[in-house]
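**Student:** Chains as they are written, first to last, in the UniProt record's numbering: chain U, 1 to 455; chain A, 1 to 455; chain E, 1 to 455; chain V, 1 to 455. For every residue, glycine included, the Cβ atom is placed at its ideal position computed from N, Cα and C. No experiment lies behind these values; they were computed from the predicted model shown.
There are 4 protein chains.
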Amino acid sequence: MPPRTPIPVIKMDPKKAPWEQEKKPHNRWHPDIPPVAEMKTGDLFRVETIDWTGGQIKDDDSAEDIKHVDLTRCHYLSGPIRITDEKGEPARPGDLLAVELCNLGPLPGDEWGYTGTFDRDNGGGFLTDHFPEATKAIWYFDGIYASSRHIPGVRFAGLIHPGLIGTAPSHELLKIWNEREGALVQAGENSTTLGGVLHTRPLALLPEPKGALLGDIPSDSAEWAKVAGEAARTIPGRENGGNCDIKNLSRGCKVYFPVFVEGANLSMGDMHFSQGDGEVSFCGAIEMSGFLEIKCEIIRGGMEQYLTPMGPTKLHVHPIFEIGPLEPRYSEWLVFEGISVDESGKQHYLDATIAYKRAVLNCIDYLSKFGYTKQQIYLLLSCCPCEGRISGIVDVPNAVATLAIPIAIFDQDIRPKAGGPPVGPRLITRGDVAKSKYDGSKPLTINQCMCGGGH
Amino acid sequence: MPPRTPIPVIKMDPKKAPWEQEKKPHNRWHPDIPPVAEMKTGDLFRVETIDWTGGQIKDDDSAEDIKHVDLTRCHYLSGPIRITDEKGEPARPGDLLAVELCNLGPLPGDEWGYTGTFDRDNGGGFLTDHFPEATKAIWYFDGIYASSRHIPGVRFAGLIHPGLIGTAPSHELLKIWNEREGALVQAGENSTTLGGVLHTRPLALLPEPKGALLGDIPSDSAEWAKVAGEAARTIPGRENGGNCDIKNLSRGCKVYFPVFVEGANLSMGDMHFSQGDGEVSFCGAIEMSGFLEIKCEIIRGGMEQYLTPMGPTKLHVHPIFEIGPLEPRYSEWLVFEGISVDESGKQHYLDATIAYKRAVLNCIDYLSKFGYTKQQIYLLLSCCPCEGRISGIVDVPNAVATLAIPIAIFDQDIRPKAGGPPVGPRLITRGDVAKSKYDGSKPLTINQCMCGGGH
Amino acid sequence: MPPRTPIPVIKMDPKKAPWEQEKKPHNRWHPDIPPVAEMKTGDLFRVETIDWTGGQIKDDDSAEDIKHVDLTRCHYLSGPIRITDEKGEPARPGDLLAVELCNLGPLPGDEWGYTGTFDRDNGGGFLTDHFPEATKAIWYFDGIYASSRHIPGVRFAGLIHPGLIGTAPSHELLKIWNEREGALVQAGENSTTLGGVLHTRPLALLPEPKGALLGDIPSDSAEWAKVAGEAARTIPGRENGGNCDIKNLSRGCKVYFPVFVEGANLSMGDMHFSQGDGEVSFCGAIEMSGFLEIKCEIIRGGMEQYLTPMGPTKLHVHPIFEIGPLEPRYSEWLVFEGISVDESGKQHYLDATIAYKRAVLNCIDYLSKFGYTKQQIYLLLSCCPCEGRISGIVDVPNAVATLAIPIAIFDQDIRPKAGGPPVGPRLITRGDVAKSKYDGSKPLTINQCMCGGGH
Amino acid sequence: MPPRTPIPVIKMDPKKAPWEQEKKPHNRWHPDIPPVAEMKTGDLFRVETIDWTGGQIKDDDSAEDIKHVDLTRCHYLSGPIRITDEKGEPARPGDLLAVELCNLGPLPGDEWGYTGTFDRDNGGGFLTDHFPEATKAIWYFDGIYASSRHIPGVRFAGLIHPGLIGTAPSHELLKIWNEREGALVQAGENSTTLGGVLHTRPLALLPEPKGALLGDIPSDSAEWAKVAGEAARTIPGRENGGNCDIKNLSRGCKVYFPVFVEGANLSMGDMHFSQGDGEVSFCGAIEMSGFLEIKCEIIRGGMEQYLTPMGPTKLHVHPIFEIGPLEPRYSEWLVFEGISVDESGKQHYLDATIAYKRAVLNCIDYLSKFGYTKQQIYLLLSCCPCEGRISGIVDVPNAVATLAIPIAIFDQDIRPKAGGPPVGPRLITRGDVAKSKYDGSKPLTINQCMCGGGH
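#1: In the segment 54 to 77 of chain U, which residues sit with their C-beta less than 8 Å from some C-beta in chain E, listed in chain order?
#2: Buried or exposed for Pro325/V, going by 16 or more other Cβ atoms inside 10 Å?
#3: Determine the DSSP secondary structure at Trp52/E, reduced to helix, strand or coil.
#4: Let me check understanding here. Comparing Cα to Cα, which of Arg180/V, Asn190/V and Thr128/V lies closest to Cys283/V?
#5: Short of 7 Å in beta carbon distance, which residues of its chain neighbour Pro6/U, apart from the five on each side in sequence? Order them along the chain.
#6: Residues in the same chain with beta-carbon distance under 6 Å from Gln376/E, minus the five sequence neighbours each way, listed in chain order, please.
#7: Determine the DSSP secondary structure at Lys295/V, reduced to helix, strand or coil.
#8: Where Ile246/A and Ser391/U are concerned, what is the direct C-alpha to C-alpha distance, given to the nearest angstrom?
#9: DSSP three-state call for Thr402/V: helix, strand or coil?
#10: Could you check what DSSP says for Thr167/A in three-state terms: helix, strand or coil?
#11: Any beta carbon from chain A within less than 8 Å of residue 458/E's own beta carbon?
#12: Do Ala232/V and Pro209/V count as a contact pair if the criterion is CB distance below 8 Å?
#13: Hey, which unbroken runs of the alpha helix (DSSP H) at 4 residues or more fall wholly within the segment 20 to 89 of chain U?
#14: Pull up the distance between the alpha-carbon of Glu189/V and that of Ala212/V, whole angstroms please.
#15: Using the three-state DSSP reduction, which class does Val9/A fall into: helix, strand or coil?
#16: Between the Cα of Glu38/A and the Cα atoms of Gly54/A, His26/A and Gly79/A, which residue gives the shortest distance?
#17: Apart from the five residues just before and just after Ala408/E, which ones in its own chain have a Cβ nearer than 7 Å to its Cβ?
#18: Output, in sequence order along the chain, the residues in the segment 215 to 239 of chain V whose CB is closer than 7 Å to any CB in chain E.
#19: Below 8 Å between beta carbons: does that hold for Phe118/U and Gly125/U?
#20: With 7 Å as the limit, tell me which residues of the segment 279 to 299 of chain U have their beta carbon closer than that to any beta carbon of chain V; keep them in chain order.
#21: For a contact defined as C-beta to C-beta under 9 Å, what are the partners of Tyr330/A on chain V?
#22: Since Gly269/U contacts Thr53/U with CB under 8 Å, what's their CB separation in whole angstroms?
#23: Helix, strand or coil for Met303/V, going by three-state DSSP, please let me know.
#24: Would you check if the distance between the CB atom of Val185/U and the CB atom of Leu203/U is smaller than 8 Å?
#25: Assuming Gly196/V is part of the alpha helix (DSSP H), what are its boundary residues?
#26: How is the alpha helix (DSSP H) around Leu380/U delimited, first residue to last?
#27: In chain V, what lies closer than 7 Å to Ala355/A by C-beta?
#28: With a CB to CB cut of under 8 Å and the five nearest residues on each side skipped, what residues in its chain are close to Asn240/E?
#29: Could you check whether the Cβ of Ala404/A sits closer than 8 Å to any Cβ belonging to chain V?
#30: Return the chain-ordered ranges of every alpha helix (DSSP H) run that is complete within the segment 168 to 252 of chain U and spans a minimum of 4 residues.
#31: Let me make sure I understand the geometry here. Which of Phe273/A, Leu403/A and Lys346/A has the alpha-carbon closest to that of Thr193/A?
#32: Can you tell me the Cα-Cα spacing of His75/E and Asn248/V, whole angstroms?
#33: The beta strand (DSSP E) spanning Leu367/E covers which residue range?
#34: Taking a contact to mean a Cβ-Cβ separation below 8 Å, would you say Ser274/V touches Cys383/V in this structure?
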């Protein structure tokens, strides 16, 4: 009867480069990336992860590292881990893999994180047409709380979660991904309504050998070239989970993943100390290195029993998430609304993305009346425990999206009051985030009714 | 020092037609609809409302009334109420009107509600291409709880709220609405990505004299013809609030409305006993008659102090909502995910609407394995306290939307388990909602990987 | 299929005296008080109640009515209501009666309440040796919120509940009550540790014909004299429920009562808008008239199946309470501690009552540094949603009791801070409660380490 | 700008005896125990602790270790830690020391805990007259959850907290403690009401050199003999905090301690994975080794500014606790009631301790109908997140205490239902805790109305 200390399966040293780690991570999805470990159902095991950029971002007061980040080298995932049952029989395609997140935290000795927005010509963010420059805020942790010297006057409890966690795709699923995303790029920006409104972000990121790290596959092998040439990028969430960015996926939660390859080949990374719904700034949660202590269970045949495919193949399914009983309780919220009318006043049809963009813009402008810069609020909304809701999706022509922010995270009362927002000595300004000027030439979305100021 | 009994300002008799009420409601937005009452700031007053269809839907087991509902006659709003300060000075354009919702409930003697989906050729719903037929479920209330003979085995606490509440638009704002919505209809369905995916719902509902009720304006007057010809329909949420469908807007909440006309001219209606985020079935909350007890405060100049317009004019603003400390606490949730890939497998670009449609479809298919019909779940997701979240909005090309449903509202454990969903004697089926066959000819979205069955 | 409007079973007019009501209430417990109504299981029915003093207390700024209250005339209960199953078979001794509280509220037209402390020579309160004078605060309601002109700067959401609800005792149970309470009075104050510390409150209130109201039993009958002479007073909670003062017993809760007489004979009254754990001031919640909408279920034989008697007879049992999902969420609390050492410094043995007294005293002194009088805080702790906990009950010789108060109910930050509590212009004083001088001669408990001031 | 990794101040090795640790802990309170470390305000530092018995209890299936535990050797505290401000000026008597609990957890490599009841002749517990034998349950942790092979079918999220934390007493305060507790022992059991009801537990534990560990004071020195002879035992909570057993004192909380000696001399230990209010079984929480990461702040003069002494001296004060926003959310509770009538049917006067004893007994008997032994429930109520409330403390002669238990921690529905508790194949029995027979001769409290069985 030994105590239930988690088995240390994958260790990471945040001071080393990704390719120098003992068990090399991977930053692409591919069925042929070999497992680095094998665990049985019921084992409680510990996986360490490096931050999503693999150490490209520093704890300093300059945003130059964010501006010049190499996004072909991101989302370093620890794993894959092959999962078997207690008799050693592996998880098989058609099973469900239930993964319980027992404990999560920052890596000891590396307890800090960052939030940023990318330069418009290098990744951008949800509001890149309003805020084209790279910015950065550094966060320190006091146990459950995060605070930042770049956004003073705000403190909140984090809900630590993995930004990415998923099972490996099969060859067939990988092919589906590459084809459908390729078709989108092929069709071009004009083919989408949103391309026009969110303009100039990449439509999709197709397979790209540059920057690929494929675990133990030697980078000078033919195997490497083949896998790197067809492996899927990690940016979007897909059928295998991946970058689902569910902010409440923290201690005590459980995810039911479809299994596409023998052994399930579970990988995870991109740990977040806290995130707002939508992760709007893109480099957007409080990004950090970290650890997960997890347990797996195999539900034999569960993928077919529980998941109904929706699409041309049996692989068009999604994981299911079970949220546990522990999260910060906030009792009072201020809620900002957006409808599917864009910044030029143009009416769109039931478009929740545009509605959410308007809600986020409304919230930024409102909160910036309390002594913050708009860039501070933009980063804050990306990483604090705010909730993005689809409130109405049927009332033609307007989708209504809302953004709710907990009032208690501020050190001042941010409610509207007779007399207006603080002015004069009542207004305390609060410095700014680190910024790095945008040198590109893409046009800004100008708020037409503002004279002079605004974004 | 009189006790603070709410002042009964507007009474409604749910047994009478809308036009027979003592203080006639209105079902269009227009600045020239005259106030039916005047209240001062600080007054606690009571407003009664009829249900949103004005009594077209009955407590029975047929969906024929839903199928043939007249949607030009909907959203009967009580009001407008002119608001002044304690000295009698009215709210003025540029002010904020803070409205506190002190108490809400069903109308005594009329404690029941309904949820439905409209026929595809008469309004439809979010999933009308999957579920084209009209359906209906009736709900009874035991205090805070709702239950339905048409969806047995489910019970949940409601968060009573007004589906519609807002201030009157000015002539200038009304013109903006009519122009932008007219332009959308003009451009036609092919102009929108979503028209293709949500196909065959109306793009927008433009001004329509038929069915209009304009409070005290006599229906045979020239005034009536003019107002009815230009008054905005009530379906979408807009700058004045309106159909914002925020499910948590219940007892103890406060809304800060922009004021566009002298007196603010506050109206409200479409009471919901409970609603899920998105209100997906369109006739979608638990719709009922009801009452509100409210208090108003005027923040002079607050619209300009607190709301930053985003768009071509100073009127492009939105209300702000303050959510209070009281709501049903649920501790465990099952979360379904969708990404912006449509049912044919086609990749869309960061489209939260499509992602949410997939999440809802995934949830319906999953829960229907537990003895419910898909139509029962579709209605349930529209009215139970489920949360629709925009989880990831930056990870090109996929938006990730999630739908979280509280586990405790079911009388069985709906989590995935070894052994699969209940079969044989363990599976309890639960009847069905009332249905009325779709006679139209529009095509169904077929789930390609299902053979025979499915929706 | 009629709508589920609650059946109005008992109506009360708060402007009339208790004995003038159509269905006269009762203010004693006795099996021979005849039912005033009969309801079936499954019926949703509405019971109105007058306030616990039967209208003796007024909405004014004097505490004279509190000082001279007649406590032989209190706890007017609506009922008894005889409960049968759907076939008309009554609840029987040995059954459990499950009572669901579907809805509760103040009586329309009478929406106000009061909190008081009684004069030391006429009832007193938990701290009567510190605060011997009668005091009063009046509360008005804005929907879920209460506020008082006598305790400005505080506002909180109420959890409306019945202070008293219970089934009728049998003759055998009544005899047990009278004997054990009589024996306590007989033994005298010196027989109890607590008599010394809580000194000079009555030990128990024995049967007393004066002031008795016994429903429909004519007051000049022999029956009346017999029943009034042996009926139990309503002050304490006992085996039948009664004055259990459980502050969370609000909408959506359920109580499982033992049934001692045929028909169960359910009675209820003493409605509270809100109460703190312990109801320390005795007249202590926000007392009001009100209504309950309830439903009953009979669990045949359930008393014997579920309740284990603990004592000399099978009647020594207690009800069980099921708390529902709806209550005000407060996220931050300040917690005050007390141990079982009394104000003179004397050590007592594991005495939770003394520990709680110390916790309450500590909290009063602390909060009075923020501009309130001690009497204001004493009343506040009696009626706001504060939690009284038995934190440690085994660590000899000290019991540890704690009192937790939600920080958000104050309009200032009441946490300790560098610089100390507010002084000078930062200190806002806030008037006082109504007071009525104590004319008696009983000694005050003096806080020995305070010079001059204090209580 | 180094990352904020906690400074490791005190390390403990759970495999070593207390006196073998590098920085020896102490198990008595005395001002002359020298600090083992010094920290500045603002430092985030990590303190490790051994379990409260210093390793006497093993992870096995026998309760012999509990039966023969040496209670003179318990409550090993890590510290004292001397606290200074950033300039090196120490905390001084009259200050408040604000201690923020940033993070807490089990010691890595030692993730398990135990709950027990002591033998009646060696410590006992709250119900020792009902349950005189020693018992033990072992708990393992899956992240936030605890489960036990000795109490299967139950799982709950823990709120990790220190059972003991406090500042050192001054000589003057120590003298007060020893005198008042000595006087209680002197007066004898007959002097207390509760001695009769809780009979045969020790009244108080007076200074006892046997088993004392005094940090770095050499055990053969004259200093040791003097200090050990007058140092206070650690069992009860007192003015300095100490064994306050506040179950919610977890991550994100803050305690404001009075400072009695220069440097404050903060000590802590007795880590609990989870505890129920009251910690009724005495060895009662889930006891474990663990770590705390904390930060201190000094509020100069705060003790005099914020704490009003209540008693003969200025030292009669108590700490204040601030509870944070993070705890397991449970939505449904079953609540058991007790009144101040003891098991023999005797009426006591407003005695919350007796009322709570009855509530605990009622709950044990009720839950034991669902397949558990009474001993399993007794241990469970001591360590699961149940709430013990003082519901009514003024309704003579009965105090009403309640015990609320979250329904969701059980794997079956424990609510009363028509048909009664499970019988036959529906009843799943669940083994038992480890037990060790009581050999003593003290009498059991017999439940008089039970024939044969019961406790």
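**Tutor:** Looking at the coordinates:
#1: none
#2: Against the fourth sequence, residue 325/V aligns to sequence position 325. By the 10 Å Cβ count, Pro325/V comes out buried.
#3: Locating residue 52/E in the third sequence gives position 52, where the first residue counts as 1. Trp52/E: coil per DSSP, three-state reduction.
#4: Position 283 of the fourth sequence, counted from the start, is the residue given in the question as residue 283/V. Closest option to Cys283/V, Cα to Cα, is Thr128/V.
#5: In the first sequence, residue 6/U corresponds to position 6, counting from 1. Excluding residues within five positions, the ones whose Cβ falls inside 7 Å are Leu44, Phe45, Arg46 and Glu293.
#6: For this step, residue 376/E is matched to residue 376 along the third sequence. Same-chain partners within the cutoff: Ile151 and Val433.
#7: On the fourth sequence, residue 295/V is found 295 positions in, with the first residue counted as 1. Strand, per DSSP.
#8: Within the second sequence, numbered from 1, the residue matching residue 246/A stands at position 246. Within the first sequence, numbered from 1, the residue matching residue 391/U stands at position 391. Whole-angstrom Cα-Cα distance: 6 Å.
#9: Taking the first residue of the fourth sequence as position 1, residue 402/V is located at position 402. Reduced to three states, the DSSP call for Thr402/V is strand.
#10: Within the second sequence, the letter at position 167 stands for residue 167/A. Thr167/A: strand per DSSP, three-state reduction.
#11: Missing from the structure shown is residue 458/E; chain E here goes from 1 to 455 and no further.
#12: In the fourth sequence, residue 209/V corresponds to position 209, counting from 1. In the fourth sequence, residue 232/V corresponds to position 232, counting from 1. No.
#13: 64 to 67
#14: Indexing the fourth sequence from 1 puts residue 189/V at position 189. Indexing the fourth sequence from 1 puts residue 212/V at position 212. Between Glu189/V and Ala212/V, the C-alpha separation is close to 26 Å.
#15: Counting from one through the second sequence, the residue named residue 9/A turns up at place 9. Here Val9/A sits in strand by DSSP.
#16: What you label residue 38/A is simply residue 38 of the second sequence in a count that begins at 1. Nearest in C-alpha terms to Glu38/A, of all of Gly54/A, His26/A and Gly79/A, is Gly79/A.
#17: Residue numbering aside, residue 408/E sits at position 408 when the third sequence is read from its first letter. Within the same chain, Ala408/E has close Cβ partners Tyr330 and Glu332.
#18: Ile235, Pro236, Gly237 and Arg238
#19: Within the first sequence, numbered from 1, the residue matching residue 118/U stands at position 118. Within the first sequence, numbered from 1, the residue matching residue 125/U stands at position 125. The answer is yes: Cβ separation under 8 Å.
#20: Glu293 and Lys295
#21: Taking the first residue of the second sequence as 1, we reach residue 330/A at position 330. By Cβ distance, chain V contributes Arg329 and Ser331.
#22: Here residue 269/U refers to the residue found at position 269 when the first sequence is read from its first residue. Here residue 53/U refers to the residue found at position 53 when the first sequence is read from its first residue. Contact doesn't hold; Cβ gap of about 11 Å is too wide.
#23: Locating residue 303/V in the fourth sequence gives position 303, where the first residue counts as 1. It is helical.
#24: Numbered from its first residue, the first sequence carries residue 185/U at position 185. Numbered from its first residue, the first sequence carries residue 203/U at position 203. For Val185/U and Leu203/U, yes; Cβs fall inside 8 Å.
#25: By 1-based counting over the fourth sequence, the position of residue 196/V is 196. Per DSSP, Gly196/V belongs to the alpha helix (DSSP H) from Thr193 to Val197.
#26: The residue given as residue 380/U occupies position 380 in the first sequence. Lys374 to Cys383 is the span of the alpha helix (DSSP H), which, as asked, contains Leu380/U.
#27: Translated into the one-based positions of the second sequence, residue 355/A becomes position 355. Chain V residues near Ala355/A: none, gap ~28 Å exceeds 7 Å.
#28: Along the third sequence, read from residue 1 onward, the residue named residue 240/E stands at position 240. Within the same chain, Asn240/E has close Cβ partners Trp29, Gly166, Thr167, Ala168, Pro169, Leu173, Phe257, Pro258, Phe260 and Pro319.
#29: Within the second sequence, the letter at position 404 stands for residue 404/A. By this cut-off, Ala404/A is not an interface position.
#30: 171 to 187, 193 to 197 and 222 to 230
#31: Within the second sequence, the letter at position 193 stands for residue 193/A. Taking only the C-alpha atoms, the option nearest Thr193/A is Lys346/A.
#32: As a first step, residue 75/E is located in the third sequence; it is residue number 75 there, counting from the start. As a first step, residue 248/V is located in the fourth sequence; it is residue number 248 there, counting from the start. Roughly 36 Å separates the two Cα atoms.
#33: Indexing the third sequence from 1 puts residue 367/E at position 367. Under the DSSP assignment, Leu367/E falls outside any beta strand (DSSP E), being part of the alpha helix (DSSP H) whose first and last residues are Ala352 to Leu367.
#34: Against the fourth sequence, residue 274/V aligns to sequence position 274. Against the fourth sequence, residue 383/V aligns to sequence position 383. In this structure, Cys383/V lies closer than 8 Å to Ser274/V by Cβ.
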